[in-house]
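Counting from 11, one number per residue, gives the positions in the sequence shown under this note's numbering.
Glycine included, C-beta positions come from ideal geometry on N, C-alpha and C.
Treat the numbers as computed from the prediction; the structure is a model and nothing was measured.
I have placed the structure first, in the form of structure tokens, so that the comments after it can refer back to it.
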Amino acid sequence: MLIEFTVRNFRSICGEQKFSFSTSSDRLLSGSHCIRTGLKSVPRVSKSAVIFGPNGSGKSNLLSAMSVMRDLVLHSTTFSDGDYAERYSPFLLDKSAGRPTEFEVDVLLDSVRYQYAFAYDEHRIRFERLLVYPTGKSQRWFERSSLNDFGMETWAPFSTNFTGPRAMWRDATRSQALFLTTAAQLNARQLKPLFDWFAGGLSLVFASTKIDVAQMAKYIQDEKRKSVMLQFLHCAGIDVQDVRLSEPKSGGASADRWRGPGKPSRNASDQTIIEFSHLRDDGSVVWMQSTDESTGVQRLVGLFGPLLTALQQGQLLLVDEFDLSLHPLVARYLIQLFNNPNISQHGAQMLLTSHNTTLMDMDILRRDEIWLMELDDKAASTLLRMWRSASPPRKNELIGKRYLYGRYGAVPEIQPPDLIVQSLQTAMPPASGKRQLA
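Rendered as structure tokens:
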């Protein structure tokens, strides 16, 4: 499970920004919303957290930073120079451009704590270190640093607790590759839990993410899982009778039927299609393709697979624009479902970005699970917990309403409408009279 994630100099993020699932001592909802770690320093972590803030404040960039970190860990040994350079996207509005981007994760895996960090620029890995706490005391398994672009790299002595052909792994590590990646792919057994967490412990859903048909096919072909999926949709207020897979049809009435405005056309080259059945007034059944359903239904279907997988496998699920096309009550339902102790039993966690202020409710989230992202006076993203803002919320406070009034910050600075009215009147040509009807 994730304890903490830190990023510096990435897109809109300039200085160090730190997100943490660690909780306060507040007992509110602790039985359902918190996971005990067994660590003295971090006794509990949250199952879920939501980041709020104005458009363009950097919420998505925080999740993208985790995505890029995972990408580098999994694939740095295979990147070309161009592919590697594309992963470097520094803050451009001050002298940070050219400085390394830095990532760090603090995770707890099978009662062992790992703190893994690295820094990189467009040329090479500048720093990499792994601290491991198998018994509560840190062990520095490896550390490397590079001070220039000419291949001068220094390595700290390997920990005696980190075993295997370490020198061979070190010598095989290229300047643009991570040692973690190289050694894990060369069968470094002790690094496998951390590498596997990046490979299978993280799941990301962005606004542009489409339904994973291959993943959904596994659920649909399993009657028990399909039943869970249908119940999931029913509980969210979606009235569908059944779900199935079908192959696309080329031509004919089925392919030419009305699809509604904005519906994409399909052809014989399309992949397997998900279809849902609905009842007509006369009791007969009609099957509709998922792309013919509303965007809200498509969003729910797209979230079902990642959500269920995270709960079953104890993954960290990251969802950007969580409330996209979802009714506020459905969004609340999904968070309550994720925090339900009878369902969430394997250490799953969920980090969301949202504009839905109805989630700012002490029945849905603890105060330490609400985060705010805003831009500072240098247009750089800053992240903080709401209860550490200048005016932290009190218990039983109407947080959502007061947030919209700007009590805690992280709201857009809306200008008076008269300004845009004057601009529009200046920019728009005068009306040419009423259109004549034919």
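If you reduce the DSSP assignment to three classes, tell me which class residue i lands in.
{"i": "S300", "result": "helix"}
{"i": "D292", "result": "coil"}
{"i": "Y130", "result": "strand"}
{"i": "S142", "result": "It is Val, not Ser, that sits at residue 142 in the sequence shown. Three-state result, V142: strand."}
{"i": "S433", "result": "helix"}
{"i": "I13", "result": "strand"}
{"i": "S56", "result": "strand"}
{"i": "G272", "result": "Unreliable positioning characterises G272 in this predicted model, as indicated by a pLDDT of 44, which lies under 50. A coordinate reading is not provided."}
{"i": "T392", "result": "strand"}
{"i": "Q200", "result": "helix"}
{"i": "S287", "result": "strand"}
{"i": "L327", "result": "strand"}
{"i": "I409", "result": "helix"}
{"i": "D206", "result": "helix"}
{"i": "D333", "result": "coil"}
{"i": "Q125", "result": "strand"}
{"i": "V117", "result": "strand"}
{"i": "R180", "result": "helix"}
{"i": "R18", "result": "strand"}
{"i": "R377", "result": "helix"}
{"i": "A263", "result": "Reliability fails at A263, whose pLDDT of 40 lies under 50, so the model's placement of it is uncertain and the value that follows must be treated cautiously. It is helical."}
{"i": "R309", "result": "helix"}
Report the CB separation of residue i from residue j in whole angstroms; it is logged as a contact under 8 Å.
{"i": "F189", "j": "W179", "result": "7 Å"}
{"i": "L191", "j": "S32", "result": "Residue 191 is actually Thr in this sequence, not Leu. The Cβ separation is near 28 Å, so there is no contact."}
{"i": "L84", "j": "A209", "result": "6 Å"}
{"i": "E114", "j": "Q125", "result": "7 Å"}
{"i": "V253", "j": "K236", "result": "6 Å"}
{"i": "L334", "j": "S67", "result": "L334 to S67, Cβ: 17 Å. No contact."}
{"i": "D378", "j": "S56", "result": "7 Å"}
{"i": "S287", "j": "W297", "result": "5 Å"}
{"i": "S169", "j": "M162", "result": "Not really, about 23 Å apart at Cβ, beyond 8 Å."}
{"i": "A246", "j": "L310", "result": "6 Å"}
{"i": "Q186", "j": "F332", "result": "Not confirmed; about 34 Å, so no contact."}
{"i": "I450", "j": "S391", "result": "With the chain covering 11 to 448 only, the question about residue 450 has no answer from this structure."}
{"i": "Q251", "j": "V295", "result": "7 Å"}
{"i": "F205", "j": "A194", "result": "4 Å"}
Terminal residues of the continuous alpha helix (DSSP H) containing residue i?
{"i": "V363", "result": "The residue asked about is misnamed: residue 363 is Thr in this sequence, not Val. No alpha helix (DSSP H) contains T363, which is instead part of the beta strand (DSSP E) from Q359 to T363."}
{"i": "E233", "result": "E233 to C245"}
{"i": "E96", "result": "D91 to E96"}
{"i": "V223", "result": "V223 to I230"}
{"i": "I248", "result": "Run containing I248: none; DSSP gives neither H nor E here."}
{"i": "I45", "result": "Looking at the DSSP string, I45 is not in any alpha helix (DSSP H); the run it does join, the beta strand (DSSP E), is C44 to R46."}
{"i": "I345", "result": "P338 to N349"}
Counting only the same chain and skipping the five closest in sequence on each side, list residues whose C-beta sits under 7 Å from that of residue i.
{"i": "V307", "result": "I248"}
{"i": "K69", "result": "I61, G63, T363 and M383"}
{"i": "A95", "result": "E132"}
{"i": "A227", "result": "L255 and T282"}
{"i": "V52", "result": "I13 and S32"}
{"i": "W268", "result": "Its pLDDT being 35, under 50, W268 is placed unreliably by the model, and the measurement read from it follows with that caveat. Here the set comprises nothing."}
Spatial neighbours of residue i within its chain, please: CB distance less than 6 Å, with the 5 preceding and 5 following residues excluded, ordered by chain position.
{"i": "A389", "result": "L103"}
{"i": "R21", "result": "N71 and S99"}
{"i": "P203", "result": "L119"}
{"i": "S148", "result": "L141"}
{"i": "E14", "result": "S30 and D116"}
{"i": "D232", "result": "none"}
{"i": "Q27", "result": "V17 and L393"}
{"i": "G312", "result": "I221"}
{"i": "S264", "result": "Because the pLDDT at S264 is just 41, under 50, the model does not fix this residue reliably, and the value given afterwards should be weighed accordingly. Nothing meets the Cβ criterion."}
{"i": "L434", "result": "none"}
{"i": "D292", "result": "none"}
{"i": "L328", "result": "L73, L214 and L361"}
Just reading off the beta strand (DSSP E) that residue i is part of, what are its end residues?
{"i": "W381", "result": "I380 to L385"}
{"i": "V253", "result": "D252 to S256"}
{"i": "K28", "result": "Q27 to S30"}
{"i": "L188", "result": "Note, L188: premise wrong, no beta strand (DSSP E); not H, not E."}
{"i": "S399", "result": "From DSSP, S399 is part of no beta strand (DSSP E); its letter is neither H nor E."}
{"i": "L212", "result": "L212 to V215"}
Please work out which residues of its chain come closer than 8 Å, Cβ to Cβ, to residue i, disregarding the five sequence neighbours upstream and downstream, and give them in chain order.
{"i": "R109", "result": "N19, P100 and D131"}
{"i": "G410", "result": "T367, T368, L369, M370 and D371"}
{"i": "P351", "result": "G41 and S42"}
{"i": "G324", "result": "M11, G211, H356, G357 and A358"}
{"i": "L394", "result": "W381 and L382"}
{"i": "L326", "result": "M11, L12, G211, L212, S213, A320, A358, Q359, M360 and L361"}
Regarding residue i and the ligand PLP, is the C-beta to nearest heavy atom distance less than 7 Å?
{"i": "G68", "result": "Looking for the ligand PLP in the displayed structure turns up nothing, as the structure carries no ligands at all."}
Ignoring anything shorter than 3 residues, give me the beta strand (DSSP E) runs that lie fully in the region 146-173, in order along the chain. Segments of the beta strand (DSSP E) lying fully in the region 146-173: 149-156 and 163-165.
Contained beta strand (DSSP E) runs [length at least 3] in the region 58-114, N- to C-terminal order: The region 58-114 contains these whole beta strand (DSSP E) runs: 58-62.
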